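Residue numbers (the numbering used here): 2 to 399.
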């Protein structure tokens, strides 16, 4: 990409364009100034903690935590024990947030395993709020199944008989949606709900500790009591969500699996590799290739796009960068969209699920996984990146 203006390169260091006057003083174009001075705010109607927001012409209902203050959560769940099964990324983040919110939450994991020991380090006490899985389920009224997708499938025959009279909670639609492959056929006489944070469990936790909230999706698979949706909203707030978007189990899992394989990780990694390799093959140094492929994207442009939008980015960059980006956008879209369609089909027809279950259930899974990670670590692009990151101001020894 042609280099953005010098003003833009320095903008991130000034906290992602702190204010309109500051941006104007850095000499951005009139269009960029207008984007900062008068951002377009979506229209919405509000009734307590519920909003109907216009998303590009489509009205959607969004729930917010303001309608569920801590006192209301404590009263709503006063007769419940939340049995959180699994203590991976989401179990860690959601569990600690529930505990800090004062709810009666217990953790169920394999005794003396890695997750058991990590839970103890986080302050969970064996026999008080840390138990083996079966005991935790027996004590719980709401069972939060936060095991990995493969582990949910493997443990389901033991878990299912213990769910009578309880509410079953997922943070991913994977297991029930692809039940023909996972064998997770939920009982027909219980509420089954979903709260899916749009980020890792570590982010769920860090935003909560900062007094903020992550965006999450909610869905109802089965409503026996007539209160499943209400429980999903309340639990969504309790685990640390700021805003909750209503969806279905199917749409959540399709969009999630596509995003992971596409623009969030797999696809973007593929683009990074392709551009880096071409630059290196055309004679550019590793540092230059990495800076123009990854460093500038992640440290400068992506945060600005996240804060202000793509239209703002076009208006704020240099005229050379703008013209080239506009000219090449549709070429990339036309090349990539067929791949995205193939990806969505592979997700929806269960191909990706079968691949994931087969691979992650294999006895040598961890060895193969580590070998793949080691291959990535040894790629020149990421070895060069390690050196570039060491030169960032925040990483310099003081």
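The beta carbon of each residue, even a glycine, is placed where N, CA and C say it ideally should be. All of these numbers come straight from a predicted model, not from anything done at the bench.
One or two residues paired with residue i in a DSSP bridge
{"i": "residue 65", "result": "244"}
{"i": "residue 291", "result": "Answer is none; residue 291 lacks a bridge partner."}
{"i": "residue 60", "result": "55"}
{"i": "residue 223", "result": "193"}
{"i": "residue 143", "result": "83, 168"}
Backbone secondary structure at residue i - three-state DSSP
{"i": "residue 216", "result": "strand"}
{"i": "residue 198", "result": "strand"}
{"i": "residue 266", "result": "coil"}
{"i": "residue 84", "result": "strand"}
{"i": "residue 164", "result": "coil"}
{"i": "residue 131", "result": "strand"}
{"i": "residue 386", "result": "helix"}
{"i": "residue 171", "result": "strand"}
{"i": "residue 105", "result": "coil"}
{"i": "residue 113", "result": "coil"}
{"i": "residue 273", "result": "helix"}
{"i": "residue 22", "result": "At residue 22, the pLDDT of 34 sits below 50, so the modelled position is not reliable and the matter cannot be decided from this model."}
{"i": "residue 283", "result": "coil"}
{"i": "residue 355", "result": "helix"}
{"i": "residue 151", "result": "helix"}
{"i": "residue 208", "result": "helix"}
Residue nearest to residue i in terms of C-alpha spacing, selected from the options
{"i": "residue 345", "options": "262, 298, 334", "result": "262"}
{"i": "residue 233", "options": "254, 195, 114, 209", "result": "195"}
{"i": "residue 407", "options": "360, 68, 65", "result": "Nothing can be reported for residue 407, as the shown portion of the chain is limited to 2 through 399."}
{"i": "residue 258", "options": "297, 280, 343", "result": "343"}
{"i": "residue 112", "options": "86, 100, 104, 90", "result": "86"}
{"i": "residue 69", "options": "352, 235, 110", "result": "235"}
{"i": "residue 117", "options": "149, 106, 129, 133", "result": "133"}
{"i": "residue 106", "options": "275, 378, 137", "result": "137"}
{"i": "residue 104", "options": "331, 84, 308, 61", "result": "84"}
{"i": "residue 249", "options": "173, 272, 187, 166", "result": "173"}
Sequence-distant residues of its chain with Cβ nearer than 7 Å to residue i (five each side left out)
{"i": "residue 102", "result": "71, 74, 239"}
{"i": "residue 184", "result": "154, 157"}
{"i": "residue 396", "result": "390"}
{"i": "residue 341", "result": "263"}
{"i": "residue 167", "result": "141, 142, 143, 144, 191"}
Separation of residue j from residue i, as counted between CA atoms
{"i": "residue 326", "j": "residue 254", "result": "32 Å"}
{"i": "residue 387", "j": "residue 285", "result": "18 Å"}
{"i": "residue 51", "j": "residue 220", "result": "16 Å"}
{"i": "residue 373", "j": "residue 365", "result": "13 Å"}
{"i": "residue 157", "j": "residue 227", "result": "25 Å"}
{"i": "residue 55", "j": "residue 63", "result": "10 Å"}
{"i": "residue 375", "j": "residue 279", "result": "23 Å"}
{"i": "residue 266", "j": "residue 140", "result": "38 Å"}
{"i": "residue 192", "j": "residue 357", "result": "27 Å"}
{"i": "residue 35", "j": "residue 311", "result": "Reliability fails at residue 35, whose pLDDT of 36 lies under 50, so the model's placement of it is uncertain and the value that follows must be treated cautiously. Near 14 Å, if we compare the C-alpha coordinates of residue 311 and residue 35."}
{"i": "residue 53", "j": "residue 362", "result": "42 Å"}
{"i": "residue 92", "j": "residue 119", "result": "11 Å"}
{"i": "residue 298", "j": "residue 271", "result": "14 Å"}
{"i": "residue 188", "j": "residue 211", "result": "38 Å"}
{"i": "residue 79", "j": "residue 165", "result": "20 Å"}
{"i": "residue 110", "j": "residue 129", "result": "14 Å"}
{"i": "residue 58", "j": "residue 331", "result": "23 Å"}
{"i": "residue 82", "j": "residue 142", "result": "5 Å"}
{"i": "residue 329", "j": "residue 287", "result": "24 Å"}
Same chain, Cβ closer than 8 Å to residue i, five either side skipped, listed in chain order
{"i": "residue 241", "result": "94, 95, 98, 198, 205, 206, 208, 209, 214, 215"}
{"i": "residue 121", "result": "127, 131"}
{"i": "residue 1", "result": "Residue 1 is absent from the structure shown; the chain starts at 2 and stops at 399."}
{"i": "residue 377", "result": "383"}
Own chain, CB closer than 6 Å to residue i, minus 5 neighbours either side, in chain order
{"i": "residue 201", "result": "90"}
{"i": "residue 277", "result": "290, 294, 382"}
{"i": "residue 347", "result": "353"}
{"i": "residue 251", "result": "178"}
{"i": "residue 244", "result": "63, 65, 216"}
Cutoff 9 Å: residue i Cβ touching any chain D Cβ
{"i": "residue 272", "result": "This model lacks chain D altogether, as it is built from one protein chain only."}
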